[in-house]
Amino acid sequence: MIGTESPAPSFDDWHNLDQQIRQWWDTDVHTAFEEDIRADEEQTLLFLPYPYSSAGGAEKAFPEMYGWDTFFINCALLAHNRADLVRGHILNQLYQIERFGMVLNGNRTYYRTRSQAPLLAESLRRYIQQHDDHHLLMRAYPLLKHEYQHYWNAPHHQTPTDLATNRDIGDTDQPRLHAESEALDFFAGYGGEVRHCVPLLTNCLLVAYADNLGWLARRLCLEDEALHWQALARERAARIQHYCWNDHYGMFLEYNFVEGQQIPVFSLCTYLAMWAGIATQDQAYALVRQLTRFQHPYGLAMTDQMYPSPHPEFSWVQWNYPAGWPPFHIFVVEALERYGFMTETRKVAAPFLGLMTRLFQETGSLWEKYNVVEGSLSFPLERYNVPPLHGWSSAAIVLLGRQLFS
Numbered sequence: 229m230i231g232t233e234s235p236a237p238s239f240d241d242w243h244n245l246d247q248q249i250r251q252w253w254d255t256d257v258h259t260a261f262e263e264d265i266r267a268d269e270e271q272t273l274l275f276l277p278y279p280y281s282s283a284g285g286a287e288k289a290f291p292e293m294y295g296w297d298t299f300f301i302n303c304a305l306l307a308h309n310r311a312d313l314v315r316g317h318i319l320n321q322l323y324q325i326e327r328f329g330m331v332l333n334g335n336r337t338y339y340r341t342r343s344q345a346p347l348l349a350e351s352l353r354r355y356i357q358q359h360d361d362h363h364l365l366m367r368a369y370p371l372l373k374h375e376y377q378h379y380w381n382a383p384h385h386q387t388p389t390d391l392a393t394n395r396d397i398g399d400t401d402q403p404r405l406h407a408e409s410e411a412l413d414f415f416a417g418y419g420g421e422v423r424h425c426v427p428l429l430t431n432c433l434l435v436a437y438a439d440n441l442g443w444l445a446r447r448l449c450l451e452d453e454a455l456h457w458q459a460l461a462r463e464r465a466a467r468i469q470h471y472c473w474n475d476h477y478g479m480f481l482e483y484n485f486v487e488g489q490q491i492p493v494f495s496l497c498t499y500l501a502m503w504a505g506i507a508t509q510d511q512a513y514a515l516v517r518q519l520t521r522f523q524h525p526y527g528l529a530m531t532d533q534m535y536p537s538p539h540p541e542f543s544w545v546q547w548n549y550p551a552g553w554p555p556f557h558i559f560v561v562e563a564l565e566r567y568g569f570m571t572e573t574r575k576v577a578a579p580f581l582g583l584m585t586r587l588f589q590e591t592g593s594l595w596e597k598y599n600v601v602e603g604s605l606s607f608p609l610e611r612y613n614v615p616p617l618h619g620w621s622s623a624a625i626v627l628l629g630r631q632l633f634s
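Number 326 in my numbering belongs to position 98 of the sequence shown; there are no gaps in the numbering.
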């Protein structure tokens, strides 16, 4: 069902890089203790009680602990049996909920008024499935309930559709852009005003959040609460079906609740409905057929074509064609696996893994994103040069390789 792709890496080339990443984890660790805060030149670093593997790792870019980056890092750490770091990451993000009411976009003062794609409950569930840590479960459950109820379902995030939007809840001079930074910064699919949309990224992950709260409640023998969370997950999934599914295109689309219409931008966000188990089996078959919209010789592009920037500040937005992003390759591969499309899973993983491995051999680095049309690191009208990155790029090597070679 998917078109021609570039060669996968050899097992030896992948395995050698996987082992290199295994060695990187300790050098990727940062701290945000009191002495680090005093030494911070920006004077914006926020305290975290445990060491963390930053979004950039040992590379210079993004030394902070970022909200959703940490989920992908956690998955790779679990694959490498580094539960010690994962537990610290979970405790750091629980500390942020205690102090700020939500997992922060990142541990900087200028991130205190917004979150990011909500994935902490998913991290906790995957950790608990491998490590029966009842003490951590007891600590986490009430805090996760608080974030779900009092941040993501608070009036500032609610819409007339009963789906969530994205916001920066601070007094900011760029509320439109800062709100979009809570989802994808920046993305044509929101039409330039994410606060008028109910992003698939946010709401599909909130379905998973409620489902995970139900799973956690059942582990704590709270059966009534488990049933309550499962009902909330089903209700949100039904609303996503109602507002976002487009039968003509066979895809889920972003929805603008102010204008009362879907936004005709085709993106990999549609596969989040499979990742979260929202799609029916018939819809999943339709979505698999749509993979050809995004497939290029070196992987999946974020969108099916280059959409113009909806923001006057930028001539091109980065969550766009021809960019192939490591986290969305992970999402799509896990989505396909969930519905049993194992052949397609390998076809998605192989070319992107091949590109990442080849460019690592050529440059000595992994990178934040990749041009999957040309097989390069060049992008049109880029706001900044593509930075070398460990973080979710390391995670893609670890996780996609295990899909391909296991």
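Glycine included, each C-beta is placed from N, C-alpha and C at the ideal position.
- It is roughly 21 Å from the alpha-carbon of Tyr483 to the alpha-carbon of Ile397.
- The C-alpha of Met330 lies about 34 Å from the C-alpha of Gln247.
- In the DSSP assignment, His363 falls within the alpha helix (DSSP H) that extends over His362 to Glu375.
- Counting only runs that start and end inside the stretch 572-596, there is no beta strand (DSSP E) element of at least 3 residues.
- Here Leu429 has Ala345, Ala411, Leu412, Cys497 and Leu500 as same chain residues with Cβ atoms under 7 Å from its own Cβ, once five neighbours each way along the sequence are excluded.
- If the five residues before and after Trp443 are omitted, its C-beta is found closer than 7 Å to the C-beta atoms of Arg353, all from its own chain and listed in chain order.
- Between Val516 and Leu460, the gap from beta carbon to beta carbon reaches 9 Å or more.
- The way I'd put it, the stretch 564-573 doesn't touch the stretch 609-624; fewer than three beta-carbon pairs between them come closer than 8 Å.
- A straight-line Cα-Cα distance of about 21 Å links His524 and Phe480.
- Secondary structure note for Arg566: its alpha helix (DSSP H) is the uninterrupted segment Pro554 to Arg566.
- For Ile249, the uninterrupted alpha helix (DSSP H) segment begins and ends at Phe239 to Thr255.
- By the Cβ-count criterion, Gly592 is exposed, with fewer than 16 other Cβ atoms from all chains shown falling within 10 Å of its own Cβ.
- Within the same chain, Cβ atoms closer than 7 Å to the Cβ of Ala529 are found at Phe522, Tyr549, Pro550, Ala551, Gly552, Val600 and Val601, the five residues on either side in sequence being excluded.
- Straight through space, the alpha carbons of Phe542 and Gly419 are spaced by roughly 13 Å.
- Assigned with DSSP and collapsed to three states, Ala551 falls in strand.
- The alpha carbon of Asp510 has as its nearest neighbour, out of Val493, His539, Asn474 and Phe607, the alpha carbon of Asn474.
- The Cβ atoms of Trp252 and Gly285 sit closer than 9 Å to each other.
- By the Cβ test, the stretch 464-472 is in contact with the stretch 377-392, since at least three Cβ pairs between them sit closer than 8 Å.
- Straight-line measurement puts the Cα of Gln358 at about 20 Å from the Cα of Ile558.
- The criterion of a C-beta distance shorter than 9 Å is not satisfied by Ser537 and Ala349.
- Distance between Thr400 and Arg315, taken at the CA atoms: about 33 Å.
- Here Pro554 is near Phe580, since their CB atoms are less than 9 Å apart.
- DSSP lists Gln523 as the beta-bridge partner residues of Leu528.
- Every alpha helix (DSSP H) stretch that sits fully inside the stretch 264-324 and reaches 4 residues is listed by chain position as 297-307.
- Cys432 is positioned such that its CB atom lies no closer than 9 Å to that of Ala514.
- Checking the DSSP bridge columns, you'll see Ser604 partnered with Asn599.
- Sequence-distant partners of Ile356 (beyond 5 residues in either direction) whose C-beta falls short of 8 Å from its own C-beta, in its chain, are Leu364, Leu365, Leu444 and Arg447.
- For Thr430, the uninterrupted alpha helix (DSSP H) segment begins and ends at Leu428 to Arg447.
- About 19 Å separates the CB atoms of Phe300 and Phe633; that is not less than 8 Å, and the two are not in contact.
- One thing to note: Leu313 has its Cβ within 9 Å of the Cβ of Val257.
- The straight-line gap separating the alpha-carbon atoms of His424 and Phe485 is approximately 6 Å.
- Straight across, the Cα-Cα distance linking Trp544 with Ser606 is about 13 Å.
- DSSP places Met479 within a strand segment (E or B) once states are collapsed to three.
- In the assembly as shown, Thr571 is an exposed residue. Its beta-carbon has fewer than 16 other beta-carbons within 10 Å.
- Under the DSSP assignment, Ala349 falls in the alpha helix (DSSP H) whose first and last residues are Leu348 to Gln358.
- Take the alpha-carbon of Pro237 and the one of Leu617: they are about 20 Å apart.
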